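Worksheet: the structure to be examined is printed underneath.
Residue numbers (full-length UniProt numbering): 1 to 123.
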């Protein structure tokens with residue numbers, strides 16, 4: 001079981017991801033903007049972060065870069081989940097430090113396999 005933080009401004013997506021992750025046995029926390037997400041990661045050190053890209057204020061690419069370049073949070077894997085489906089978006093997200101890039105709508109098995117791969121001891 002992993003502690004997973006969702007950073008996403010869509011209440012619907014947060015609810016869908018929370019249900020899916022809790023059903024798989026994970027503990028879930030969520031915030032609705034990147035700035036609060038960065039502070040929550042620093043404060044709680046979750047096992048993994050699910051990051052949206054398109055949010056008001058700081059976007060998910062910027063937040064990913066901030067977290068992966070901060071020695072205090074650099075070891076927390078980030079999975080970007082977004083509607084942005086261009087290859088350039090995927091490449092840019094990975095260059096910011098994300099460990100995986102998944103496009104919405106999310107395939108449940110794909111997301112859980114990704115988490116299992118990033119956190120092999122969390123199951």
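Yeah, the Cβ is synthetic: ideal placement off N, Cα and C, and Gly gets one too.
Note that the structure is predicted; figures quoted are calculated from it, not measured.
Original post:
What is the rounded straight-line gap between the Cα of residue 1 and the Cα of residue 27?
Top reply: 7 angstroms
**OP:** Could you tell me whether the Cβ atoms of residue 46 and residue 3 are closer together than 8 angstroms?
**Re:** yes
Original post:
Ends of the beta strand (DSSP E) at residue 98?
Top reply: No beta strand (DSSP E) holds residue 98; DSSP gives it neither H nor E.
Original post:
In three-state terms, what does DSSP make of residue 112?
Top reply: helix
Original post:
Between the Cα of residue 58 and the Cα atoms of 74, 106 and 38, which residue gives the shortest distance?
Top reply: 38
Subject >> 6 angstroms Cβ shell around residue 102 - same chain, five flanking residues per side excluded >> reply: 81
Original post:
Can you list, in chain order, the stretches of the alpha helix (DSSP H) that have 4 or more residues and sit fully within the UniProt domain "Response regulatory" (3-119)?
Top reply: 11-23, 34-44, 60-69, 87-95 and 108-118
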